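Asks: Just so you know, we're using the numbering used here here: the sequence shown kicks off at 1 and counts up by one.
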Amino acid sequence: MIPRSKSDKNENKPPPIIRCRVRCPMCQEASYQYRMNNRVFWNRDIDIDLQPQNYAKLDHVDPDFHPPLYYMWYCPECHFTAGYRHFIHPLKDVYVKTEAVSTRIREAYAAKENFHKLVNILSRGLDIEHMDFFQGIKLHLLAVLELELIEDMVKQYFLNLGRYCLHLAWLYRDLSNKPEALATTQPRLEELYEEVKDLWPDMPRTEYEALYKAVKYYDQTFERSPQVKTVIDEVSILQVIARICIKLNKRDEARKMLTSSIERALEARDKIEVKLRDTGEEGKKLTADQTADMVTLSRRLRTIADENKQLIQLLAEERLKEHTIHAKKLLKANKGRDLTVLKRILIKNHIDRRVIAKLLPEDKKKGVFPW
Ligand SMILES: [Zn+2]
1 MIPRSKSDKN ENKPPPIIRC RVRCPMCQEA SYQYRMNNRV FWNRDIDIDL
51 QPQNYAKLDH VDPDFHPPLY YMWYCPECHF TAGYRHFIHP LKDVYVKTEA
101 VSTRIREAYA AKENFHKLVN ILSRGLDIEH MDFFQGIKLH LLAVLELELI
151 EDMVKQYFLN LGRYCLHLAW LYRDLSNKPE ALATTQPRLE ELYEEVKDLW
201 PDMPRTEYEA LYKAVKYYDQ TFERSPQVKT VIDEVSILQV IARICIKLNK
251 RDEARKMLTS SIERALEARD KIEVKLRDTG EEGKKLTADQ TADMVTLSRR
301 LRTIADENKQ LIQLLAEERL KEHTIHAKKL LKANKGRDLT VLKRILIKNH
351 IDRRVIAKLL PEDKKKGVFP W
């Protein structure tokens with residue numbers, strides 16, 4: 001048997017990205033894009049705000065290959081940019097004609113004002129054959145810019161705006177964890193920010209700013225978008241907002257969202273359970289398929305409520321940890337003082353009573369054998 005050469009072996013192995021030809025929904029021009037091949041890499045962890053992390057790759061894949069850099073598709077003809085899942089049908093479920101949106105983008109571009117300048121700056125030198133963090137971030141910014149231009153036309157777009165801002169925050173986070181890429185990318189980003197600062201003052205430039213914008217748009221989706229149709233949509237979006245709030249260190253807001261999500265989920269679940277248990281007239285009307293759907297829905301609601309409870313638990317644990325650190329500092333600064341005085345200091349600084357009880361336990365020896 002003739003052994004195969006190494007290169008032959010690699011030729012037969014699936015690539016991490018696959019070139020495909022795609023027609024742009026806005027200008028109808030065809031272009032090449034890269035579709036991610038999820039069979040050769042996968043993420044092992046999920047961050048609190050749902051960011052896929054810690055990618056595992058098959059041996060033949062370049063270790064530097066970073067899947068999120070290929071999230072956005074970009075039309076080189078008209079500059080339309082969208083997440084690969086939304087590029088071909090960007091207005092699915094939206095009651096606005098594609099022509100109306102493409103006309104708005106075209107006219108804004110033709111006006112040669114800020115939008116035109118920004119699109120040119122953000123799309124300058126893009127080369128999808130050699131993607132890097134700088135280009136990935138620019139494409140995310142371009143997608144956000146275009147959606148912000150048409151947000152008044154299609155309220156439903158708030159969901160994608162939230163989504164793209166969240167993905168942008170993840171890219172910033174990934175970049176900050178890669179010292180080599182950061183060293184080459186940060187100076188280019190600084191130049192870019194300087195160039196656009198007057199054209200787009202609230203352009204998200206950091207992970208924090210991108211997360212902040214994501215919350216704003218998810219919030220608006222929850223409040224106003226017809227895309228939020230079912231109770232599952234409602235409770236899921238509240239959970240996403242809460243998860244981002246946790247990342248932003250806005251714990252009170254996160255807790256509020258999680259509590260509201262649990263209440264809605266359990267209330268809806270109770271109604272379903274009542275219907276399922278109903279053996280009277282109403283109950284008998286349910287077909288086997290309807291019953292199965294309702295059981296599935298009830299389980300999903302239960303799962304979401306349980307996840308929310310775990311997140312609330314996590315928030316409580318984090319709070320106690322912070323209180324302990326703060327309390328220990330206070331005790332160190334007041335070393336040697338009387339126990340009652342120390343307690344008073346901790347109470348005055350709003351340290352949680354459980355932390356106080358743990359750090360300054362009552363002297364239990366007293367009164368153990370009172371006789
Ligand atoms: Zn196009």
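Note that CB positions come from ideal geometry on N, CA and C, so glycine has one too. Please read these numbers as outputs of a predicted model, since none were measured by experiment.
Ordered along the chain, which non-local residues of its own chain (more than five positions away) have a Cβ less than 6 Å from that of I137?
Replies: Closer than 6 Å at the Cβ level, and outside the excluded window around I137, lie L171.
Asks: Do you know offhand how far A357's Cα is from R344's?
Replies: About 12 Å.
Asks: With the cut-off set at 8 Å, would you say L168 and P204 are in Cβ contact?
Replies: For L168 and P204, yes; Cβs fall inside 8 Å.
Asks: Could you name each continuous beta strand (DSSP E) segment of 3 residues or more that falls completely within the region 88 to 159, going from the start of the chain to the end?
Replies: You should have found no qualifying run.
Asks: Would T287 be called buried (16 or more neighbouring beta carbons within 10 Å of its own) or exposed?
Replies: Under this definition T287 is an exposed residue.
Asks: Between which two residues does the beta strand (DSSP E) carrying M294 extend?
Replies: Segment 288 to 333 is the alpha helix (DSSP H) holding M294; no beta strand (DSSP E) there.
Asks: To the nearest angstrom, how far is the alpha carbon of R383 from that of E273?
Replies: Because the chain spans 1 through 371 in this model, residue 383 falls outside it and cannot be assessed.
Asks: Once DSSP output is grouped into helix, strand and coil, what is the label at P361?
Replies: Three-state result, P361: coil.
Asks: Thinking C-alpha only, which one of K229, L145, L141, M131 is nearest A181?
Replies: Residue M131 is the option with its Cα nearest to A181.
Asks: Please report how far the alpha carbon of E322 lies from the alpha carbon of E209, in whole angstroms.
Replies: Each residue's Cα considered, the two are about 24 Å apart.
Asks: Shortest alpha-carbon distance to L139 belongs to which of F158, L192, A111?
Replies: Nearest C-alpha to L139: L192.
Asks: What residues come near ligand 3, if near means a beta carbon less than 6 Å from any of its heavy atoms?
Replies: Looking at this structure, you won't find ligand 3 anywhere; what it does contain is ligand 1.
Asks: Please report the distance separating the alpha-carbon of A56 from that of D47.
Replies: Those two C-alpha atoms are separated by around 15 Å.
Asks: Can you find at least 3 beta carbon pairs, one from the region 252 to 260 and one from the region 300 to 317, that sit closer than 8 Å?
Replies: Touching, yes.
Asks: Please list, in chain order, all residues of the same chain as C165 whose beta carbon is under 7 Å from its beta carbon, the five residues on each side excluded.
Replies: Here the set comprises V144, P204, A210, K213, A214, Y217.
Asks: Taking DSSP's pairing of strands, which residues face N43 in a bridge?
Replies: DSSP output for N43 lists Y55 as bridge partner(s).
Asks: Ends of the alpha helix (DSSP H) at S261?
Replies: Segment 251 to 277, the alpha helix (DSSP H) holding S261.
Asks: Are the beta-carbon atoms of L122 and L149 separated by less than 8 Å?
Replies: It is not a contact, given that the beta carbons lie outside the stated cut-off.
Asks: Return the residue from the list L360, L315, E318 that minimises the CA-CA distance to R337.
Replies: Minimum Cα distance to R337 is reached at L360.
Asks: Would L211 pass as an interface residue toward chain B - the criterion being a Cβ-Cβ separation below 8 Å?
Replies: Looking for chain B here will not work: only one protein chain is present.
Asks: Name, in chain order, the residues that DSSP records as bridge partners for R19.
Replies: Answer is Y34, bridged to R19.
Asks: Apart from the five residues just before and just after R104, which ones in its own chain have a Cβ nearer than 6 Å to its Cβ?
Replies: Same-chain partners within the cutoff: I150.
Asks: Going by other Cβ atoms of all chains shown within 10 Å of its Cβ, with 16 needed for buried, is Y157 buried or exposed?
Replies: With 16 or more Cβ atoms within 10 Å of its Cβ, Y157 is classed as buried.
Asks: Measuring CB to CB, does C20 end up less than 8 Å from C78?
Replies: For C20 and C78, no; Cβs fall outside 8 Å.
Asks: Distance check for I246 and R124, CA to CA, integer angstroms please.
Replies: Those two C-alpha atoms are separated by around 35 Å.
Asks: Tell me where the beta strand (DSSP E) around T81 begins and ends.
Replies: Segment 81 to 83, the beta strand (DSSP E) holding T81.
Asks: For the beta strand (DSSP E) holding Y74, just list the boundary residues, first then last.
Replies: Y74 -> beta strand (DSSP E) spans 72 to 74.
Asks: For E223, report the span of its alpha helix (DSSP H) as first-last.
Replies: Segment 207 to 224, the alpha helix (DSSP H) holding E223.
Asks: Mapping DSSP to helix, strand and coil, what is Q239?
Replies: Three-state result, Q239: helix.
Asks: Is Q186 helix, strand or coil when you go by DSSP?
Replies: In the structure shown, Q186 sits in a helix (DSSP, three-state: H, G or I).
Asks: Run through DSSP, which three-state label would P201 get?
Replies: Coil at P201, not helix or strand.
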